[in-house]
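Listed in order, the protein sequences are those of chains A and B. First residue of the first sequence: 0, per numbering that gives the first Met the number 0; consecutive thereafter. First residue of the second sequence: 0, per numbering that gives the first Met the number 0; consecutive thereafter. Every residue gets a Cβ at the ideal spot worked out from N, C-alpha and C, and that includes glycine. Presented below is the structure to which this report refers.
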Amino acid sequence: MENPSQPTPGATPRSLAGRIFDILSGFGLATILLLLLGLLTWFATLEQVESGLYPTLNKYFHWKSVFLIPELKGKLVPLPLPGGYWVGVVLLVNLTLGGVIRIRKGWKQAGNLISHLGIIFILVAGGVAHHFSERGNMAIREGQNRDAAEDYFEHVVEVAEIQNGAAGSIHVIRGKDLSDLSAGNSRLFRLPNLPFDLEIGGYLKNASPVAVTERAPDRGELIADGYYLMPRPDEKNAEANTAGCYARIVRRDGSKSEPVILAGASFHPFSVKHGGRLFTIDMRKRLWPMPFTVRLDEFTAQFHPGTMKPAKFISRITRIENGGEAKVTIQMNEPMRYEGLTFFQASYGPPGAAPGQKMYSVFEVVKNPADRWPEYGLYVAAFGMLVTFLTKLGSHLAGSPRKNRHV
Amino acid sequence: MNGRFSCLLACVAAFCACEEKKEIVVTETRRATTRDDAPKLFATSDERFRDARPAPVKAETPDGWLALPASQFRLLNYRFGESGMGETWVSISAGSVLENVNRWLRQFGAAPIDQDGLEKLRRVPIAGHNGTWVEAAGEYASGMGAAPKPGFALAGVVASINGSILTVKMVGPKSEVEAAKATLESFAKSLQMAD
Chain A
0 MENPSQPTPG ATPRSLAGRI FDILSGFGLA TILLLLLGLL TWFATLEQVE SGLYPTLNKY
60 FHWKSVFLIP ELKGKLVPLP LPGGYWVGVV LLVNLTLGGV IRIRKGWKQA GNLISHLGII
120 FILVAGGVAH HFSERGNMAI REGQNRDAAE DYFEHVVEVA EIQNGAAGSI HVIRGKDLSD
180 LSAGNSRLFR LPNLPFDLEI GGYLKNASPV AVTERAPDRG ELIADGYYLM PRPDEKNAEA
240 NTAGCYARIV RRDGSKSEPV ILAGASFHPF SVKHGGRLFT IDMRKRLWPM PFTVRLDEFT
300 AQFHPGTMKP AKFISRITRI ENGGEAKVTI QMNEPMRYEG LTFFQASYGP PGAAPGQKMY
360 SVFEVVKNPA DRWPEYGLYV AAFGMLVTFL TKLGSHLAGS PRKNRHV
Chain B
0 MNGRFSCLLA CVAAFCACEE KKEIVVTETR RATTRDDAPK LFATSDERFR DARPAPVKAE
60 TPDGWLALPA SQFRLLNYRF GESGMGETWV SISAGSVLEN VNRWLRQFGA APIDQDGLEK
120 LRRVPIAGHN GTWVEAAGEY ASGMGAAPKP GFALAGVVAS INGSILTVKM VGPKSEVEAA
180 KATLESFAKS LQMAD
């Protein structure tokens, strides 16, 4: 077997670039990377039980996580590991260099080449999904229409002008511009199309508005209209966090209003009249308008006898778009794919609903440009393996000598 | 020279990029959706943060009691007494009168009673109906994860009104509950069910 690290006598020594290429394209690196991915998956699976799924996924697989130290049952495991995203990137490089560029070319290697290309496609799909996909959920009652999904995690501040009792265009201040405004920090958000701006500060990732008559503030919290924001520890399920912040309306003459509490846990927006115009200001999970409307016609849930283990959830919906209607059934493992969006049957409620009680269905809505790429990649990889198998079988049946054992 | 200048420019750009933005111009908008239908305008803070709806029962706050915001399980909510630990609240509960009485008794470690025992308890007027007067004393364990409170007492009324269980419950230091019993009884009598 050829070993590039052992130059044959008399041969020119490998250059540094050549040696780096050999390492990056080698089986050894591929083995180490696959072992690391296995370890990361194992630790992440264990850690998410205590730390919650979202924080654990971020810790182990977000691109910002270059190195991490696993933590099990509250104790650090003294084993620094590279972030899963970067292990995937190096594996992509390794497969490209070793499995596509370095691999021997010829009909007998065609299957291997195809398989490697399939796996590369799956890794690229993971990267595209990581950077460009959006996820949200849509809860909808029987008979109700919905045309927006809600982000799982991002809290935004929205300012809307109300005309004839309804909101017009809604200005959105994104969560990434709010999350660094913890105690002592504030930021002015200019709203050029409105007669005022907003100054926002005191952001808390998870907080409840509490009445001072119910519990006196003990950390000098700012009080607004008899309430203050009480910080709460992060929820294990990150989607259950309800952010909060304080806002002041900054008029065009520079004067400021009294502080107002904006909270993800509020039921109604804050209303303000300014120059004869009416506005609402609210903090909520980011809404994501859909290009069509969904009406839930009927939801049925079936359970395995004597258990609460789901056997089947079926949502019969009507998709309404441009005056036309289409009947669609969404159920477990049978999502609706339409206009680049995928609707998965995620959950339902209310728990323990009585017979005849109106139920609601919850869809997970995913916009992922690489939605079906892993599936296609899998087909390609499987096809490559089939070609390899048939090539080997053909060679064997033809009695050809097995000259080349290595790739 | 050009190289140094480019380097300096890059450093300045990096520094500016790291600097915290004091102002941001908001350019992102979205259209209104079905989730934005009919917003409740000029909601009070109680309505915004508690979704406070008119309670199905009304009352005048007795002298010396402090009215608190309603909560999910407390339609009317009060504090009383010098210690600040005395609480009175009005609720609509599930179950029967007997089940509610026994739940209260259990919170004080008292033995549950049966239907005969219930009928022997004193009857008092509440919201135009008759209710059962309940008393207990000892160590109060609310069962809500709070530490048990010794030296507490309970006085309250449970009534079945139009198919609902209306409860008026007073809990606090024993001496303060004893002193406030008469007020509680008058308060229960004065309650009015909303239309």
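Cβ pair residue i, residue j closer than 8 Å
i                 : j                 : result
Thr-166 (chain B) : Ser-90 (chain B)  : yes
Tyr-151 (chain A) : Gly-135 (chain A) : yes
Leu-112 (chain A) : Val-127 (chain A) : no
Gly-83 (chain A)  : Phe-60 (chain A)  : yes
Trp-88 (chain B)  : Val-133 (chain B) : no
Pro-208 (chain A) : Phe-48 (chain B)  : yes
Glu-27 (chain B)  : Leu-187 (chain A) : no
Pro-288 (chain A) : Ala-147 (chain A) : yes
Phe-107 (chain B) : Glu-138 (chain B) : yes
Ala-158 (chain B) : Thr-131 (chain B) : yes
Leu-277 (chain A) : Ile-161 (chain A) : yes
Phe-342 (chain A) : Phe-362 (chain A) : yes
Pro-111 (chain B) : Asn-99 (chain B)  : no
Ala-152 (chain B) : Ala-136 (chain B) : yes
Ala-237 (chain A) : Tyr-53 (chain A)  : yes
Leu-75 (chain B)  : Ala-54 (chain B)  : yes
Identity of the residue in the options nearest residue i by Cα
i                 : options                                       : result
Tyr-226 (chain A) : B:Asp-36, B:Val-156 and B:Glu-46              : B:Glu-46
Met-282 (chain A) : A:Pro-304, A:Phe-312 and A:Thr-241            : A:Thr-241
Ile-313 (chain A) : A:His-170, A:Ala-43 and A:Met-335             : A:Met-335
Arg-285 (chain A) : B:Val-24, B:Lys-21, B:Phe-107 and B:Thr-32    : B:Thr-32
Leu-40 (chain B)  : A:Val-365, A:Ile-329 and A:Thr-279            : A:Thr-279
Glu-324 (chain A) : A:Gly-97, A:Asn-332, A:Ile-22 and A:Phe-291   : A:Phe-291
Ser-181 (chain A) : A:Ala-237, A:Ala-206, A:Glu-157 and A:Gly-376 : A:Ala-206
Ala-345 (chain A) : A:Thr-44, A:Leu-80, A:His-115 and A:Ile-139   : A:Ile-139
Ala-126 (chain B) : B:Val-24, B:Lys-57 and B:Arg-29               : B:Lys-57
Gly-201 (chain A) : A:Leu-190, A:Asp-179 and A:Arg-189            : A:Asp-179
Gly-274 (chain A) : A:Phe-266, A:Asp-252 and A:Val-259            : A:Asp-252
Lys-20 (chain B)  : A:Lys-74, A:Asp-176, A:Gly-393 and A:Asn-192  : A:Asp-176
Ile-414 (chain A) : A:Tyr-378, A:Phe-388 and A:Ser-394            : Within the shown structure, residues of chain A are numbered from 0 to 406, placing residue 414 (chain A) beyond reach of any answer.
Trp-41 (chain A)  : A:Lys-63, A:Leu-221 and A:Leu-80              : A:Leu-80
Leu-97 (chain B)  : B:Ser-82, B:Val-170 and B:Asp-115             : B:Asp-115
Ser-163 (chain B) : B:Pro-172, B:Gly-171 and B:His-128            : B:His-128
Val-155 (chain A) : A:Val-171, A:Glu-141, A:Asn-332 and A:Gly-142 : A:Val-171
Lys-63 (chain A)  : A:Pro-77, A:Trp-85, A:Leu-78 and A:Ser-50     : A:Trp-85
Exposure label - residue i; buried when at least 16 CB within 10 Å
i                 : result
Gln-301 (chain A) : exposed
Ser-360 (chain A) : buried
Ala-166 (chain A) : buried
Leu-159 (chain A) : It is Ala, not Leu, that sits at residue 159 (chain A) in the sequence shown. Ala-159 (chain A) is buried by the Cβ-count criterion.
Ser-14 (chain A)  : exposed
Gln-191 (chain B) : exposed
Met-137 (chain A) : buried
Ser-4 (chain A)   : Annotation note: pLDDT 48 at Ser-4 (chain A) (below 50); position unreliable, coordinate value reported separately. With fewer than 16 other Cβ atoms within 10 Å, it is exposed.
Ala-397 (chain A) : exposed
His-130 (chain A) : exposed
Leu-34 (chain A)  : exposed
Arg-115 (chain A) : The amino acid at residue 115 (chain A) is misidentified as Arg; the sequence shows His. Classification of His-115 (chain A): buried, given that the 10 Å Cβ count is 16 or more.
Ser-254 (chain A) : exposed
Glu-338 (chain A) : exposed
Where residue i meets chain D, residues with beta-carbon distance less than 8 Å
i                : result
Thr-28 (chain B) : Among the protein chains in the structure shown, which are A and B, there is no chain D.
State whether the segment 232-249 of chain A contacts the segment 190-200 of chain A, with contact taken as three or more CB pairs (one from each stretch) at a distance under 8 Å.
The segment 232-249 of chain A vs the segment 190-200 of chain A: in contact.
If the cut-off is 8 Å on Cβ atoms, which residues from the segment 90-121 of chain B count as contacting chain A, listed in chain order?
Against chain A - using a Cβ distance shorter than 8 Å - the segment 90-121 of chain B contributes no residues.
Any residues in the segment 160-174 of chain B with a beta carbon nearer than 9 Å to a beta carbon of chain A? Which ones, in chain order?
Those would be none; no residue qualifies.
For the structure I just gave you, are there three or more beta carbon pairs, one from the segment 259-274 of chain A and one from the segment 318-338 of chain A, closer than 8 Å?
Contact between the segment 259-274 of chain A and the segment 318-338 of chain A is absent: fewer than three C-beta pairs spanning the two stretches fall below 8 Å.
Mind checking the segment 52-82 of chain B against chain A and listing, in chain order, the residues whose C-beta falls within less than 9 Å of any C-beta there?
Taken in chain order, the members of the segment 52-82 of chain B whose beta-carbon sits within less than 9 Å of a beta-carbon on chain A are Leu-65, Ala-66, Leu-67, Pro-68, Ser-70, Asn-76 and Arg-78.
Under 8 Å: do the segment 53-68 of chain B and the segment 168-187 of chain B share three or more Cβ pairs, one atom per stretch?
Flag = yes, the segment 53-68 of chain B and the segment 168-187 of chain B touch.
Of all the residues that make up the segment 80-97 of chain A, which are near chain B by a beta-carbon distance shorter than 9 Å?
Answer set for the segment 80-97 of chain A: empty.
Please list, in chain order, the residues of the segment 249-262 of chain A that have any C-beta partner in chain B closer than 9 Å.
Residues passing the 9 Å Cβ filter: Ile-260 and Ala-262.
Listed in chain order, which residues of the segment 231-249 of chain A have Cβ atoms closer than 9 Å to some Cβ of chain B?
If the cut-off is 9 Å between Cβ atoms, the segment 231-249 of chain A has nothing near chain B.
Residues of the segment 31-50 of chain B whose Cβ lies closer than 9 Å to any Cβ of chain A, in chain order
For the segment 31-50 of chain B, which is checked against every Cβ of chain A, the residues closer than 9 Å are Ala-31, Thr-32, Thr-33, Arg-34, Asp-35, Asp-36, Ala-37, Pro-38, Lys-39, Leu-40, Phe-41, Ala-42, Thr-43, Ser-44, Asp-45, Glu-46, Arg-47, Phe-48, Arg-49 and Asp-50.
Can you give me, in chain order, the residues of the segment 286-318 of chain A that have a beta carbon less than 9 Å from any beta carbon in chain B?
Cβ contacts with chain B: Leu-286, Trp-287, Pro-288, Met-289 and Thr-292.
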